[in-house]
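Taken in sequence, the protein lines are chains A and B. Just so we're aligned, residue 2 is where the first sequence starts under this note's numbering, counting upward by one. Just so we're aligned, residue 23 is where the second sequence starts under this note's numbering, counting upward by one. Written below as structure tokens is the structure these notes are about.
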Amino acid sequence: MTAVPGVWRTARITPLGELLTPPRMTGVAVQLVIQTVLVVALWRGLYADTGPTTAGLSREQAVTYAVLAVLATRLRELDRYAGRDTVMQHMHFGTIVYWFLRPVSPRRYYALRALGDQLYGLAWAAAGYAVCLAVGVVQPPHSAGAAGAFALSLLLGQWVLYYIMLLIDQLCFWTLRNSAAMLILIFAQNLLSGVYAPLWYFPDWFVTLSAFLPFQATLNVPLSVYVGRIPLADAGPQLALQAGWVVLLAVVTRLVWHRAALRVVSQGG
Amino acid sequence: MSGDTRITGDIQVRALTKTFRTTTRRPGALGTLRSLVNPLWVTKTAVEDVTFSVAPGELLALLGPNGAGKSTTIKMLTGILVPTAGEVSVAGVVPYRERERNARNIGAVFGQRTQLWWDLPARESFAILRDIYGVPDAEHKARLREFDDLLELSSFWDTRVRHLSLGQRVRCDLAAALLHDPPVVFLDEPTIGMDVVVKEQVRGFLKHQVEERGRTVLLTTHDMTEVSRLAERVVLINDGRLVMDGTLEEIKRKFGDTWLVRATLADPEAAVSALPGIAVLQREGPRVVFGPEGSHAPTVHQALKQVIERYEVSDIALEEADLEDVMRAAYQGAALEASDVLEESAVRGGAGS
């Protein structure tokens, strides 16, 4: 099958929907500002009663980590639900059939849409980062090498996150609904990836447990590289682990796509 | 994709069968718990041994009551579902084996399920589909102009899909399904819930696509006006089985060629007797009601002619079963036929065991 050159433009669907809905963009901006202000206040407050360094992180490192975690959540938090464009809604309304009636495989279409979503989210995160950097809320990376390792690690982390989200969406082909799984995933993702708090603050057994799960590869690794909690010299194995998760999840989701295509649940006679 | 290179858009279906294997819950709380541990599997045959074909440039109505297997058949023809048995070919492609190649040859509209993107203006959805199908820009624009002429899309295509009325949205969906110029189109109850004006517009559009553009259309609908306006040939299925494949006239003859001729005779005392294939059903003074008799009854127009030629009438009126009545009779007749078949096979099965 020859590839259609312009098909990549499907990546613009969600961002275009957002741009056409200014209230949603305002909501995102307000939410980002409030969350950032609160986490800065929270972490500065926490460090006021402790020493200058806790769990190997200084106050500046901790605040930088927490603010970057808030910004990073924008990468995959677009409002597809309002646009009736989640996989669960497509299953519910029966419109998932159209995914199988186009000369682009559902797997590729899903990937392109996710790419568009993540790039759009990245624009928000980058804008937020620039503002936070300008006002001194976050520190710049220690070196160009650290910045490069962070960028690569963030890319791999988002890739892992994409596959995790895809797996949850693929669940719909069997269960029709994935809201419960999605709630569990969001909690697990936020807790185990270090959105709520850097994993360095958790007990050893928790850190060990999370090492066997893909979540810490999504955010904890890149942010730890950024703030210097993982030194540049030690970043290699972590990046390799992230890459390993990407390969493993790619294989699993590909197999699941194959099975899902045989299970397109049709409504009506 | 268009012009001389367009492949022939025929549909071939042979002995098509689809069975679904699903779990069912046992009754009661204990049964539900038991079903969780040890699920009870049931096999349901949605389509069984269905054979038909649609010639290029033909519009075929696939009819049947709810749950007859129409949508399942369409989903197998579009490649969404894989048949359990039988063969399907759409424009020379086996749909479920070559989904992506098949996708270029077909367009589909499934009732009120839109393929447009809810948050975007309809025209943006068209542009995205242009990109997905790789339609050249000039071709895309020309086709949009053509569809706009027929469906008056431009008055609302810059509106976001979520704000469109049902009629507007379905018109956009029809355009979206045909933007890549497919030779074969599947329409699963496309006009459901639409008002009569929009329905008529859509019918005109479909007629144009078949007669002027030569597209092959497979249509399912419960709207008999639509059937009588658009389809010359009808395939009737019930309980997943093909009941009849023929013209509308043949279906009418088989299931509902009923009519009444009500005549008022000029001479109230005139003697009245049956005519060939025509019975006298009722007589009250000068008013006589004639109806069909036997298997060789004439059509209503032939009967009218015979009555006028034989008797001097001062007034005459016709009552003919409409297509709704015919289809009701057909569905009921088909259900009876299906149950007869089941009974026969049960008897055979019993005798053989």
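Yeah, the Cβ is synthetic: ideal placement off N, Cα and C, and Gly gets one too.
Using a beta-carbon distance below 7 Å, is B/I150 in contact with chain A?
-> yes
Which residue comes first and which comes last in the beta strand (DSSP E) that contains B/D147?
-> First, the residue type needs correcting, since residue 147 of chain B is Ser and not Asp in the sequence shown. Taken as a continuous stretch (DSSP letters only), B/S147 belongs to no beta strand (DSSP E), being part of the alpha helix (DSSP H) at 144 to 155.
Check whether the stretch 32 to 51 of chain A touches the stretch 59 to 67 of chain A, taking contact to mean three or more Cβ pairs, one atom from each stretch, closer than 8 Å.
-> yes
For B/W179, decide whether its Cβ has a neighbour in chain A, counting only Cβ atoms nearer than 7 Å.
-> no
Cβ contact check for the stretch 294 to 302 of chain B and the stretch 315 to 329 of chain B: 3 or more pairs under 8 Å | yes
A/Y99 touches chain B at which residues, Cβ-Cβ below 7 Å?
-> Q137
Hey, B/I96 and B/D210 are a contact pair by Cβ (cut 8 Å); roughly how many whole angstroms apart?
-> 5 Å
If we count the other Cβ atoms within 10 Å of its Cβ and call it buried at 16 or more, is A/S154 buried or exposed?
-> buried
Would a check of beta-carbon distances place B/W140 closer than 7 Å to chain A?
-> Yes, B/W140 counts as interfacial toward chain A.
Are the Cβ atoms of B/A70 and B/T39 separated by less than 7 Å?
-> As written in the sequence, residue 70 of chain B is Glu, which differs from the Ala given in the question. Cβ distance < 7 Å, so B/E70 and B/T39 count as in contact.
Anything in chain B within Cβ reach of A/F94, meaning under 8 Å, just list it in chain order.
-> Within 8 Å Cβ-Cβ: R135.
Tell me the DSSP bridge mates of B/A285?
-> B/V310, B/I338
A/V136: first and last residue of the uninterrupted alpha helix (DSSP H) it sits in | Segment 107 to 136, the alpha helix (DSSP H) holding A/V136.
Determine the chain B residues that contact A/G84 at a beta-carbon separation under 9 Å, and present them in chain order.
-> W139, W140, D141, L142, R184
My guess is that A/F174 and A/A261 are in contact by the Cβ rule of under 8 Å, so how many angstroms apart are they, rounded?
-> 4 Å
Since B/E168 is in the alpha helix (DSSP H), which residue starts that stretch and which ends it?
-> 159 to 173
Should B/I154 be flagged as near chain A, meaning a C-beta pair shorter than 7 Å?
-> yes
Using a cut-off of 8 Å between C-beta atoms, extract the partners of A/V8 located in chain B.
-> D153, I154, G156
If we count Cβ pairs, one from each stretch, closer than 8 Å, do we get three or more for the stretch 196 to 209 of chain B versus the stretch 119 to 136 of chain B?
-> yes
Nearest-angstrom Cα separation, counted from B/L258 out to B/A90 | 9 Å
Under the three-state reduction of DSSP, which class applies to A/A236: helix, strand or coil?
-> helix
Okay, do the stretch 146 to 162 of chain A and the stretch 222 to 232 of chain A touch, 3+ Cβ pairs below 8 Å being the bar?
-> yes
How is the alpha helix (DSSP H) around A/R25 delimited, first residue to last?
-> 23 to 49
Leaving out five residues on either side along the sequence, give the residues of the same chain with a beta carbon under 8 Å from the beta carbon of A/G84.
-> T15, G18
Leaving out five residues before and five after B/T27 in sequence, what residues of the same chain have Cβ atoms less than 6 Å from its Cβ?
-> Note on B/T27: pLDDT 40, under 50, position unreliable in the model; no value is reported.
Beta-carbon spacing of A/R13, A/G117 below 7 Å | yes
Consider the Cβ of A/R109: report whether some Cβ of chain D lies at a distance smaller than 7 Å.
-> Considering every chain present, this structure includes no chain D. Its protein chains are A and B.
What separation, rounded to the nearest whole angstrom, lies between the Cα atoms of A/T176 and A/V265?
-> 11 Å
Quick one: which chain B residues come within Cβ less than 7 Å of A/R103?
-> A125, I154
Rounded straight-line distance, which links the Cα of B/Y155 to that of B/V207 | Approximately 16 Å, taken between the alpha carbons.
Simplified DSSP assignment, three categories, for B/V183 = If DSSP states are grouped into helix, strand and coil, B/V183 belongs with the helices.
Please classify A/L256: does DSSP put it in a helix, a strand, or coil?
-> helix
Under the rule that 16 or more other beta-carbon atoms within 10 Å means buried, what is A/H259, buried or exposed?
-> exposed
Rounded to a whole number of angstroms, what is the C-alpha to C-alpha distance between A/A147 and A/Q62?
-> 14 Å
How about A/R75 and A/A126: do their beta carbons lie closer than 7 Å?
-> yes
Using only alpha-carbon positions, find the residue among B/R145, B/G108, B/L345 that is nearest to B/E271.
-> B/L345
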